[in-house]
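Here is the structure we will look at.
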Amino acid sequence: MKSHTKKIAVTLLLLMILGVAIFTGTKVVETFTANKSTVTTKTVVSQQLERSLLERTSLDTVKLNNADKKKLSENNRTLSKRQFIGAFIGVRGNKLVYSWRNGYSNTNPNTSFNINSSILVGSYQTVLDQALLLSLVDQGKIKVTDKLSEYQMKGDIFKKITVKQLLNNESNLYIRKSLISNVQNPKNQSYSSSLFKQDKNSESGWVTADSFIKRMLIANATSQSYENAFDQLIVNKFGLSNTRFFSSKQAYTNDIASYDKKIINDQRVQTKKITIKKSQLKGNTLRMSLADITLLLNGIEKNELFSSKYNSYFNDNINDLNSGYVDGSTITYHATISGQTLAVKSNVKTQRTVVLITNYADSNISLSTRLSELYRIL
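Residue numbering for the sequence shown follows the UniProt record's numbering, starting at 1 and increasing by one per position.
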């Protein structure tokens, strides 16, 4: 009897120790993709933010002092008066402080915006590509001094361009818009330099190819497709549950739809749905939820993806893009594609992040003004 009691006591003690270790250390999450299991570890800070974001899926949270509550109410009244359709969240110190929504993420069926609503992030995808590429450099899988030709890229053009030049968006290579589909989600294979031409920036029908060449480099350096590399090194690593690439063949219930402006009896209505085609996405096909956008940006800012010694590459890339800028420790970015707009403002030092989205083509609302005001309130 004593022996049996002793065994039970030892078992309980082991369980208690294991529970404390899990609570104070890391969280292990199993994610099943492509019929295989991958293990992801998260810091306690990441867990706190994730819990705060996902414990409430509805967007009606307000945790502010009275003065800031008043400012937020005034902001929301302005948005309501102007019939703004969309949603926003504000996070401070790993906690969801406020959130708001109006209109539908999809009218078929009538689905309200929530924390898991998945929006097309447009050119913001290229910001994440830079972060992913820097993580591979940090891991030693890519060297900044290497020529691109050392990564299965054929042609004399790639023999002259280094990884560092690509990270700085200095390849000076362009691709025809009509050929983007060939390289927007590249496989692990050799790509010919014939797809790209130099000094075409002044000619119509051509766009800079840096972002697509980065994806080719990611695929070749990891010996898998770009999409699989993104899923493995970003989605699984950060436990993102509503981040995926657009597919015209498969839709999800939390996919955000797009609507053109239409007014009936002085009221903005969501009846003029925009058909989203892959060919119209300019090569940027990524979807992310409000929660995932916040979790990932938080992780990048805290250097959970790459070392701080590469921060200048990341920040300079944002400043090179027409849609964003970095001011000190504050990142601001706007991206619009196929009737959907994402606006983000975040500062790692003050631990403040605002994510604002809309799926309604309406120039009556200045998202820049609203984003700045929401950030000040936070």
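All C-beta atoms in this analysis are idealised placements derived from N, C-alpha and C, irrespective of residue type, glycine included.
To the nearest angstrom, how far is it from the Cα of residue i to the Cα of residue j?
| i | j | result |
| --- | --- | --- |
| Arg-101 | Thr-61 | 10 Å |
| Gln-224 | Asn-284 | 19 Å |
| Arg-287 | Leu-96 | 21 Å |
| residue 380 | Val-163 | Since the first residue of the chain shown is 1 and the last is 378, residue 380 is not available in this structure. |
| Ile-377 | Leu-64 | 9 Å |
| Gly-324 | Leu-195 | 28 Å |
| Leu-240 | Ile-89 | 17 Å |
| Asn-182 | Ile-175 | 10 Å |
| Lys-262 | Ser-123 | 26 Å |
| Asn-94 | Val-235 | 19 Å |
| Ser-211 | Lys-282 | 11 Å |
| Asn-188 | Gly-339 | 32 Å |
| Ser-149 | Ala-209 | 16 Å |
| Phe-314 | Val-127 | 8 Å |
| Asp-146 | Asn-319 | 24 Å |
| Asp-327 | Lys-141 | 30 Å |
| Ser-247 | Arg-77 | 37 Å |
| Asn-201 | Tyr-226 | 26 Å |
| residue 389 | Ile-213 | Nothing in the structure corresponds to residue 389, since the chain is present only between 1 and 378. |
| Tyr-104 | Tyr-252 | 15 Å |
| residue 421 | Asn-169 | Any answer about residue 421 is impossible in this case: the structure gives the chain only from 1 up to 378. |
| Leu-342 | Lys-81 | 21 Å |
| Thr-358 | Asn-228 | 28 Å |
| Ala-257 | Ile-161 | 40 Å |
| Phe-84 | Asp-266 | 13 Å |
Identify, in the order they occur along the chain, each residue of the same chain with its Cβ nearer than 7 Å to the Cβ of residue i, setting aside the five sequence neighbours on each side.
| i | result |
| --- | --- |
| Leu-233 | Leu-132 and Ser-135 |
| Asn-116 | Thr-57, Asn-242, Asn-254, Ser-289 and Ala-291 |
| Tyr-151 | Leu-217, Asn-220 and Ala-221 |
| Tyr-333 | Tyr-124, Val-127, Ile-318, Ser-323, Gly-324 and Val-344 |
| Tyr-375 | Lys-345, Arg-352 and Val-354 |
| Asp-199 | Asn-172 |
| Ser-329 | Asn-347, Val-348 and Lys-349 |
For residue i, I'd like the list of residues in its chain whose CB is within less than 6 Å of its CB, leaving aside the five on either flank, ordered along the chain.
| i | result |
| --- | --- |
| Ile-157 | Ser-193 |
| Lys-197 | Tyr-174 |
| Ser-190 | Gln-152 and Lys-154 |
Grouping DSSP H, G and I as helix and E and B as strand, with all else coil, what is residue i?
| i | result |
| --- | --- |
| Ser-99 | strand |
| Asn-94 | coil |
| Ala-131 | helix |
| Val-144 | coil |
| Arg-370 | helix |
| Thr-61 | coil |
| Gln-340 | strand |
| Asn-75 | helix |
| Thr-126 | helix |
| residue 383 | In this structure the chain extends from 1 to 378, so residue 383 is not present and cannot be described. |
| Arg-376 | helix |
| Phe-314 | helix |
| Leu-321 | coil |
| Asp-362 | coil |
| Lys-345 | strand |
| Ser-149 | helix |
| Lys-154 | strand |
| Ser-112 | strand |
| Ser-117 | coil |
Going along the chain, which residues of its own chain have a beta-carbon closer than 8 Å to the beta-carbon of residue i, five neighbours each way excluded?
| i | result |
| --- | --- |
| Leu-179 | Leu-195 |
Any heavy atom of the ligand GTP closer than 8 Å to the CB of residue i?
| i | result |
| --- | --- |
| Gln-250 | Among the components of this structure there are no ligands whatsoever, and the ligand GTP is therefore not found. |
Check whether the Cβ of residue i lies closer than 9 Å to any Cβ atom in chain D.
| i | result |
| --- | --- |
| Thr-275 | Of the protein chains in the structure, only one exists, and it is not chain D. |
What are the start and end residues of each continuous alpha helix (DSSP H) run of 4 or more residues lying completely inside the stretch 164 to 248, in chain order? Entirely contained in the stretch 164 to 248, the alpha helix (DSSP H) runs reaching 4 residues are, in chain order, 210 to 222 and 226 to 230.
Do the stretch 268 to 277 and the stretch 63 to 73 meet, that is, are 3 or more Cβ pairs less than 8 Å apart? They do not touch, by the three-pair rule.
Evaluate the contact criterion for the stretch 303 to 321 versus the stretch 349 to 369: three or more CB pairs, one atom per stretch, below 8 Å. With the rule of 3 Cβ pairs closer than 8 Å, the stretch 303 to 321 does not count as touching the stretch 349 to 369.
Ignoring anything shorter than 3 residues, give me the beta strand (DSSP E) runs that lie fully in the stretch 256 to 309, in order along the chain. For the stretch 256 to 309, whole beta strand (DSSP E) runs of length 3 or above, ordered along the chain, are 286 to 289.
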